[in-house]
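Asks: Numbering (the working numbering), first residue to last: 1151 to 1229. C-beta: ideal position from N, C-alpha, C; glycine also. Submitted below is the structure of interest, expressed as C-alpha cells.
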Amino acid sequence: MNISLTPELESQIRLKVDSGLYPSASVLVAESLQLLLKRDAMRQQLIAEVTLGADQLARGKGIFVNTEDEFLKLARATP
1151 MNISLTPELE SQIRLKVDSG LYPSASVLVA ESLQLLLKRD AMRQQLIAEV TLGADQLARG
1211 KGIFVNTEDE FLKLARATP
C-alpha cells in the first residue's frame, strides 16, 4: 500500500525513525494506527456511557450532589 503524506508529516516520521524510537516508518504507522483504533473504541465506549447516563437522567434516575466532596465520595464508592 502506498500512502501520500504532507511534507510536514513525512518529516515527523523521519525524525521519529532517525531518533531510534521506531525501527521503521512502517512500524511507526502501524503503532499509530493501533493507537487510533484504541482511541476510537474508547470514544465509542464513552458515547455509550454518556447515552446511558442521559437516558437514566431523562427517566428521573439521576443522583444529585451538592458539593465536589459528595461527588468524589460517590465516584470512589462506585465500581
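1. Along the chain, where does the alpha helix (DSSP H) containing I1163 start, and where does it finish?
2. Distance check for T1201 and L1186, CA to CA, integer angstroms please.
3. Since S1176 is in the alpha helix (DSSP H), which residue starts that stretch and which ends it?
4. Could you tell me the distance, in whole angstroms, from the CA atom of I1153 to the CA atom of E1199?
5. From which residue to which residue does the alpha helix (DSSP H) around K1223 run?
Replies: In terms of the structure at hand:
1. Mapped onto the sequence shown, residue 1163 falls at position 13. That run of the alpha helix (DSSP H) goes P1157 to D1168.
2. Looking up residue 1186 in the sequence shown gives position 36. Looking up residue 1201 in the sequence shown gives position 51. Going from the Cα of L1186 to the Cα of T1201 covers about 22 Å.
3. Residue numbering aside, residue 1176 sits at position 26 when the sequence shown is read from its first letter. Counting along the chain, the unbroken alpha helix (DSSP H) around S1176 starts and ends at A1175 to A1208.
4. Here residue 1153 corresponds to residue number 3 of the sequence shown, with the count starting at 1. Here residue 1199 corresponds to residue number 49 of the sequence shown, with the count starting at 1. So the alpha carbons of these two residues sit roughly 35 Å apart.
5. Position 73 of the sequence shown, counted from the start, is the residue given in the question as residue 1223. Taken as a continuous stretch (DSSP letters only), the alpha helix (DSSP H) holding K1223 covers E1218 to A1227.
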